[in-house]
Structures are given as structure tokens and as C-alpha cells.
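K.L.:
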Amino acid sequence: MPATSVPRVAIVGGGPSGLMAAEVISAAGIAVDLYDGMPSLGRKFLLAGVGGMNITHSEAREAFLSRYGERREAISALLADFDADTLRAWIHGLGIDTFVGSSGRVFPTDMKAAPLLRAWLKRLREQGVHLHTRQRWLGWNDHGALRIATAEGEQALYADATLLALGGGSWARLGSDGAWVPLLQARGVEIAPLRPSNCGFEVAGWSALLRDRFAGAPLKSVALALDGETARRGEFVLTANGIEGSLVYALSAAIRRRIEADGRAVVRLDLLPALSAQDIEKRLSRPRGKHSMARHLHGQLGLDGVKAALLRECAPAEAFADHARLATAIKALPIELLRTRPLDEAISSAGGVTFEALDANLMLRALPGVFCAGEMLDWEAPTGGYLLTACFASGRHAGLGMLAWLRDAGRL
Numbered sequence: 006m007p008a009t010s011v012p013r014v015a016i017v018g019g020g021p022s023g024l025m026a027a028e029v030i031s032a033a034g035i036a037v038d039l040y041d042g043m044p045s046l047g048r049k050f051l052l053a054g055v056g057g058m059n060i061t062h063s064e065a066r067e068a069f070l071s072r073y074g075e076r077r078e079a080i081s082a083l084l085a086d087f088d089a090d091t092l093r094a095w096i097h098g099l100g101i102d103t104f105v106g107s108s109g110r111v112f113p114t115d116m117k118a119a120p121l122l123r124a125w126l127k128r129l130r131e132q133g134v135h136l137h138t139r140q141r142w143l144g145w146n147d148h149g150a151l152r153i154a155t156a157e158g159e160q161a162l163y164a165d166a167t168l169l170a171l172g173g174g175s176w177a178r179l180g181s182d183g184a185w186v187p188l189l190q191a192r193g194v195e196i197a198p199l200r201p202s203n204c205g206f207e208v209a210g211w212s213a214l215l216r217d218r219f220a221g222a223p224l225k226s227v228a229l230a231l232d233g234e235t236a237r238r239g240e241f242v243l244t245a246n247g248i249e250g251s252l253v254y255a256l257s258a259a260i261r262r263r264i265e266a267d268g269r270a271v272v273r274l275d276l277l278p279a280l281s282a283q284d285i286e287k288r289l290s291r292p293r294g295k296h297s298m299a300r301h302l303h304g305q306l307g308l309d310g311v312k313a314a315l316l317r318e319c320a321p322a323e324a325f326a327d328h329a330r331l332a333t334a335i336k337a338l339p340i341e342l343l344r345t346r347p348l349d350e351a352i353s354s355a356g357g358v359t360f361e362a363l364d365a366n367l368m369l370r371a372l373p374g375v376f377c378a379g380e381m382l383d384w385e386a387p388t389g390g391y392l393l394t395a396c397f398a399s400g401r402h403a404g405l406g407m408l409a410w411l412r413d414a415g416r417l
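The numbers in the sequence shown follow the working numbering, run straight up by one, and end at 417.
#1: When the Cα atoms are used, what is the spatial distance from L331 to A89?
#2: Which full runs of the beta strand (DSSP E) of 3+ residues lie inside the stretch 125-160, going along the chain?
#3: In whole angstroms, what separates the C-alpha of V105 from that of F112?
#4: L121: which of S108, T103, Q132 sits nearest, CA to CA?
#5: Quick one: what's got a C-beta closer than 8 Å to T167's C-beta in the same chain, skipping five residues either side?
#6: Where do the N-terminal and C-terminal ends of the beta strand (DSSP E) with E286 fall, by residue?
#7: Whose C-beta lies closer than 6 Å to the C-beta of S399 among residues of the same chain, with five residues either side of it excluded?
#8: Looking at the structure shown, is I35 part of a helix, part of a strand, or coil, going by DSSP?
#9: Could you say which of I35, S181, R123 lies nearest to R355 if we only look at CA atoms?
#10: Comparing C-alpha positions only, which one of H328, A220, A79, P347 sits nearest to W211?
#11: Can you round the beta-carbon distance between A255 and R237 to whole angstroms, since I take them to be within the 8 Å contact cut?
#12: State buried or exposed for T235, treating a residue as buried only when at least 16 other CB atoms are found within 10 Å of its CB.
#13: Per DSSP, which one or two residues make a beta bridge with F241?
#14: Please classify H296: does DSSP put it in a helix, a strand, or coil?
#15: Checking 8 Å against the spacing of the C-beta atoms, do W95 and D349 come in under that value?
#16: Take H328 and list the residues in its own chain whose beta-carbon comes closer than 7 Å to its own, dropping the five residues that flank it on each side.
#17: Use the C-beta contact count for N59: other C-beta atoms within 10 angstroms, 16 or more gives buried, fewer gives exposed.
#18: Quick check on the burial criterion: 16 or more other C-beta atoms within 10 angstroms. Buried or exposed for L213?
#19: Give me, in chain order, the residues of the same chain whose beta-carbon lies closer than 6 Å to that of N246; leave out the 5 immediate sequence neighbours on both sides.
#20: Check whether the Cβ atoms of D41 and G19 sit closer than 8 Å, and answer yes or no.
#21: Can you have a look at H402 and say buried or exposed, based on whether 16 or more other CB atoms are within 10 angstroms of its CB?
#22: With respect to the beta strand (DSSP E) encompassing G357, which residues constitute its N-terminal and C-terminal limits?
#23: For a test of the three-state rule: what should DSSP assign to P201, helix, strand or coil?
#24: Look at the Cβ atom of E64, then the Cβ atom of G133, and state whether they are nearer than 8 Å.
#25: For the alpha helix (DSSP H) that P187 lies in, which residues bound it at each end?
#26: Please determine if the stretch 272-280 and the stretch 332-348 are in contact, where contact requires at least 3 C-beta pairs separated by less than 8 Å.
#27: List the DSSP bridge partners of Y40.
#28: Between K127 and A282, what straight-line distance do the alpha-carbon atoms span, to the nearest angstrom?
#29: Between which residues of its own chain and L411 is the CB-CB distance below 7 Å, once the five residues before and five after are set aside?
#30: Just verifying my parser: in three-state terms, what is the DSSP assignment at I340?
#31: What is the residue span of the alpha helix (DSSP H) that E318 lies within?
#32: What whole-angstrom Cβ distance do G233 and L252 have, given they're in contact under 8 Å?
#33: Give the single residue among A161, W142, A156, T155 whose Cα lies nearest to the Cα of H148.
#34: If you drop the 5 nearest sequence neighbours on each side, which residues of the same chain put their C-beta closer than 6 Å to that of V271?
#35: Give the list of continuous beta strand (DSSP E) stretches no shorter than 3 residues that lie fully inside the stretch 23-102.
#36: Which residue or residues does DSSP assign as beta-bridge partners of L369?
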């Protein structure tokens with residue numbers, strides 16, 4: 006690599022983790038070039054803000070950290086000095102106010118991502134960060150330079166330190182296409198396979214009646230549990246192929262692992278979590294006269310629409326002649342799930358560069374001077390602000406790690 010008197014830092018990826026690293030490094034007075042293959046920066050970040058920018062969550066630290074499952078310890082280290090409260094303070098420093106919603110989720114006051122991103126990019130430009138769009142990273146050439154594809158052709162870029170913040174494998178149209186996987190594997194980097202997270206699941210097949218009449222219908226005020234685990238309350242959506250939505254996403258990691266292990270997963274749906282099975286059986290036992298069972302379910306329990314249709318779909322026919330069995334079905338309706346929806350449809354992805362392939366500063370052990378951050382690392386979390394918080398924190402952590410690397414290498 007040609008010697009340089011002033012260190013040159015390259016960041017590949019213009020999402021939250023890449024931008025946060027650029028802020029940390031440029032604030033130290035070091036010139037940063039940031040490259041992104043898309044026409045504009047932060048595209049997936051902006052999409053996440055459609056319908057309300059959920060930036061983080063206000064719950065207590067222990068509960069917050071529990072959302073990162075098997076990678077709790079690794080993510081805890083990233084959040085040690087940049088947690089949800091620090092993130093909120095940082096957002097306020099950009100002139101964007103936040104508030105805590107009724108669910109504990111944190112949002113910008115105007116609920117939008119675009120004003121936050123504009124203010125952030127303005128700060129970065131003022132700090133001297135050079136932002137390059139429509140420039141795609143292709144790996145390294147034989148001399149160790151970064152290969153960058155531009156409209157004018159391929160360029161070779163020598164950098165003293167490089168951060169890869171390329172996202173996971175979902176939403177390829179926004180730039181997160183996982184094309185970096187073979188490039189890093191070829192360099193000896195350990196990568197866990199990319200898999201859907203916060204995703205929908207498919208069943209063997211709904212009946213034509215259920216699919217045609219109720220695909221897209223929300224199931225509200227319900228509870229869902231994977232067999233053998235505690236139920237969660239919330240809502241989800243019936244799809245033409247299966248189920249998706251916030252309640253399903255909260256269980257998606259566990260459901261996916263069960264399918265990987267057993268070839269299937271059974272979730273139990275509680276259609277009426279506010280009532281016990283005994284209460285339901287008592288109401289069903291009231292005389293229904295000439296009313297049909299459908300009218301009886303509606304009159305006594307308020308079950309109709311998609312809930313009643315799904316009960317008919319998944320409960321055994323003989324249960325409708327036995328109040329106790331029907332009550333049990335209403336409280337624990339089995340839905341067999343066979344597979345995830347495709348990776349590119351998922352909100353996020355699991356898998357990626359393993360933490361074992363990285364040192365404490367998020368530098369690749371196999372490639373000194375090359376760091377990784379964000380969703381391309383092997384971790385996952387449910388929606389609710391947890392994904393973004395860890396992406397911000399990992400970018401900051403990697404940025405600080407790059408500064409330490411440059412100092413130790415005598416380039417600062």
C-alpha cells in the first residue's frame with residue numbers, strides 16, 4: 006500500500022452504522038470517504054420510517070438486552086456507552102425531539118425519518134465527510150486496494166482503514182443484497198448463513214374461502230405462542246400463504262429455529278386472551294335456540310370475521326359439537342408453519358459476519374484494518390427500535406475501533 010502522510014479512511018455503506026462511524030472518525034479530524042451503491046443514502050432507514058420512525062425503545066436495560074437473544078453479550082458490549090438513552094440524546098443534538106409512545110417505543114416528534122437523516126447528513130458534510138453515491142464496492146484487487154465501480158468505470162482506492170457496513174440480505178432493492186458474502190468468504194472470514202428475521206411464515210395452504218376472503222385481514226387483540234413457550238399478546242395479519250405482522254415478528258427467531266430443527270413449527274393462537282377457557286365454555290353452553298353456531302359464537306363471544314373463519318379452518322370439525330373442546334381450540338388454536346417467507350421480503354436478516362471473526366473493536370481478524378458493523382454482523386432482534394439502536398451503536402463502536410487502530414499503527 007502506498008505510504009500516506011494523512012490517514013485515509015473508507016466507509017462502504019450509507020446506512021445508520023456507516024454514517025455513525027463516519028461521524029466519529031470525522032469528528033477526530035480525519036478525512037472520510039463514504040461510498041454507497043444506491044443513488045441516495047439511508048434508503049432502508051427511510052423505509053423503516055414509513056408509518057412512523059421507531060428509533061429505539063424506552064424499556065429497562067435488562068429487558069432491552071434480552072431482545073438480542075443468543076448475541077446478548079456481544080451486543081451488550083456495543084451498547085455499553087451508546088444505549089437507548091444516549092441515542093435519544095444524540096438525536097436531540099441534531100435538533101430533532103423525541104417522545105415515548107404508549108408501547109414504550111421511541112419516535113421523533115414528527116414521526117418521520119427524513120428530517121433526521123437530512124440534519125445528520127448536513128452535520129457530516131460540515132465535518133468534512135465526502136459522500137459518494139452510485140459507487141459500489143466490488144472487493145479488493147491483487148494489490149489490496151478497494152475496487153469501486155463508478156459511472157466512469159472501476160477505480161482502485163487505497164485506505165489505511167476500511168469499514169464495511171453493507172447491511173444484511175433483505176430488501177435488495179434498497180441495497181442490502183448480501184453480495185458481500187462471497188467476497189469476504191474468499192478472504193477467510195467466517196460468515197453464518199443469511200436467513201430471514203422479522204419475517205412472515207407459510208402454512209401448507211389455506212382453503213380457498215379463507216385465502217380469498219380474508220388474506221390481508223388483521224387479527225387484533227390476540228395472543229400467540231410457540232409450542233412450549235410463553236404466549237405474547239398483540240396482533241398480526243393473515244396472508245394468502247400464512248401469517249405475518251408484529252406479533253409474528255416477535256417470535257420469528259424462535260419459530261425459524263424450530264423449523265430448521267424439526268421441519269415444522271406449531272404456534273398456538275389464543276383468539277380471546279381476555280377470557281379463560283372456563284369462561285368461554287360457560288358462554289358457549291348457554292342455549293342458542295335456532296341460531297347457527299356462527300351466530301352463537303358472535304353473540305356470546307364476539308367471534309366473527311377472520312377470527313371465526315380461522316377457527317373453522319384450524320379447529321377439528323368435531324370440536325364444534327363439544328363446548329369444552331371448542332373452548333380449548335379458541336384458547337390454543339394450532340397453526341402449523343412450514344417455512345419462512347423469502348429472505349428478500351424480511352424486515353431484517355439473521356446471520357452474517359460472526360463475532361468470533363472479529364476482535365473487540367469489530368476488526369476482522371483475517372483482514373487487519375478492515376472493520377464491520379451493522380446488520381451484516383451475525384445478530385438479530387425484533388422490531389421495536391432494537392435493530393436500529395444496535396446498528397447505531399455498532400457503527401460508533403467500529404469508528405472508535407478504527408481510530409484506535411490508526412493510533413496503534415502510528416498513522417495518527
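Beta carbons are placed, not taken as given, at the ideal position from N, Cα and C, and that holds for glycine.
P.N.:
Answer, in terms of the structure:
#1: On the sequence shown, residue 331 is found 326 positions in, with the first residue counted as 1. On the sequence shown, residue 89 is found 84 positions in, with the first residue counted as 1. The straight-line gap from Cα to Cα measures roughly 45 Å.
#2: 135-137, 141-145, 151-155
#3: Counted from its first residue, the sequence shown places residue 105 at position 100. Counted from its first residue, the sequence shown places residue 112 at position 107. Going from the Cα of V105 to the Cα of F112 covers about 6 Å.
#4: In the sequence shown, counting from the first residue as 1, residue 121 sits at position 116. Here the closest residue by C-alpha is T103.
#5: Counting from 1 along the sequence shown, the entry for residue 167 is found at position 162. Excluding residues within five positions, the ones whose Cβ falls inside 8 Å are V14, A15, I16, V17, L151, G374, V375, F376.
#6: On the sequence shown, residue 286 is found 281 positions in, with the first residue counted as 1. Here E286 belongs to no beta strand (DSSP E); instead the alpha helix (DSSP H) covers 282-289.
#7: Position 394 of the sequence shown, counting from 1, holds the residue named residue 399. If we look at S399 and ignore the five residues flanking it on each side, its Cβ neighbours are S22, L83, A378, G379.
#8: Sequence index remark: in the sequence shown, residue 35 carries index 30 (1-based). I35 falls in the coil class under three-state DSSP.
#9: Along the sequence shown, read from residue 1 onward, the residue named residue 355 stands at position 350. The sequence given here places Ala at residue 355; Arg does not occur at that position. With distances taken between Cα atoms, A355 lies closest to S181.
#10: Residue mapping note: residue 211 aligns to position 206 of the sequence shown, counting from 1. Among H328, A220, A79, P347, the Cα nearest to that of W211 belongs to A220.
#11: Against the sequence shown, residue 255 aligns to sequence position 250. Against the sequence shown, residue 237 aligns to sequence position 232. Right, their Cβ atoms sit about 6 Å apart.
#12: Start at 1 with the first residue of the sequence shown, and residue 235 comes out as number 230. Result: exposed.
#13: Numbered from 1 along the sequence shown, position 236 holds the residue referred to as residue 241. Bridge partners of F241: L224.
#14: The residue you call residue 296 lines up with position 291 of the sequence shown. Correct three-state label for H296: coil.
#15: In the sequence shown, counting from the first residue as 1, residue 95 sits at position 90. In the sequence shown, counting from the first residue as 1, residue 349 sits at position 344. For W95 and D349, no; Cβs fall outside 8 Å.
#16: Position 323 of the sequence shown, counted from the first residue, corresponds to residue 328. Excluding sequence neighbours, H328 sits near E286, L289, S290.
#17: Within the sequence shown, residue 59 is the residue found at index 54, counting from 1. N59 should be labelled buried.
#18: For this step, residue 213 is matched to residue 208 along the sequence shown. The sequence shown places Ala at residue 213, not Leu. Exposed is the call here.
#19: One-based indexing of the sequence shown puts residue 246 at position 241. Closer than 6 Å at the Cβ level, and outside the excluded window around N246, lie E207.
#20: Along the sequence shown, one-based indexing puts residue 41 at 36. Along the sequence shown, one-based indexing puts residue 19 at 14. In this structure, G19 lies closer than 8 Å to D41 by Cβ.
#21: Position 397 of the sequence shown, counted from the start, is the residue given in the question as residue 402. Counting Cβ neighbours within 10 Å, H402 comes out buried, since at least 16 surround it.
#22: The residue labelled residue 357 in the question sits at position 352 within the sequence shown. Run containing G357: 353-358, per the beta strand (DSSP E) assignment.
#23: Sequence index remark: in the sequence shown, residue 201 carries index 196 (1-based). Strand.
#24: As a working mapping, residue 64 is identified with position 59 in the sequence shown. As a working mapping, residue 133 is identified with position 128 in the sequence shown. In this structure, G133 does not lie closer than 8 Å to E64 by Cβ.
#25: To locate residue 187, count along the sequence shown from 1; it is residue 182. Residues 185-190.
#26: yes
#27: As a position in the sequence shown, residue 40 is number 35, starting the count at 1. For Y40, which the question treats as bridged, DSSP gives the partners V17, H137.
#28: Sequence index remark: in the sequence shown, residue 127 carries index 122 (1-based). Sequence index remark: in the sequence shown, residue 282 carries index 277 (1-based). Going by the C-alpha atoms only, they are around 58 Å apart.
#29: The residue labelled residue 411 in the question sits at position 406 within the sequence shown. If we look at L411 and ignore the five residues flanking it on each side, its Cβ neighbours are P12, D165, A166, L417.
#30: Counting from one through the sequence shown, the residue named residue 340 turns up at place 335. The answer is strand: DSSP assigns I340 an E or B state.
#31: On the sequence shown, position 313 is the one that residue 318 refers to. Taken as a continuous stretch (DSSP letters only), the alpha helix (DSSP H) holding E318 covers 310-319.
#32: On the sequence shown, position 228 is the one that residue 233 refers to. On the sequence shown, position 247 is the one that residue 252 refers to. The Cβ separation is near 18 Å, so there is no contact.
#33: To locate residue 148, count along the sequence shown from 1; it is residue 143. Of the candidates A161, W142, A156, T155, the one whose C-alpha sits nearest the C-alpha of H148 is A161.
#34: As a position in the sequence shown, residue 271 is number 266, starting the count at 1. Here the set comprises D232, P339, E341.
#35: 37-40
#36: As a working mapping, residue 369 is identified with position 364 in the sequence shown. The partner list for L369 (beta bridge, DSSP) reads L363.
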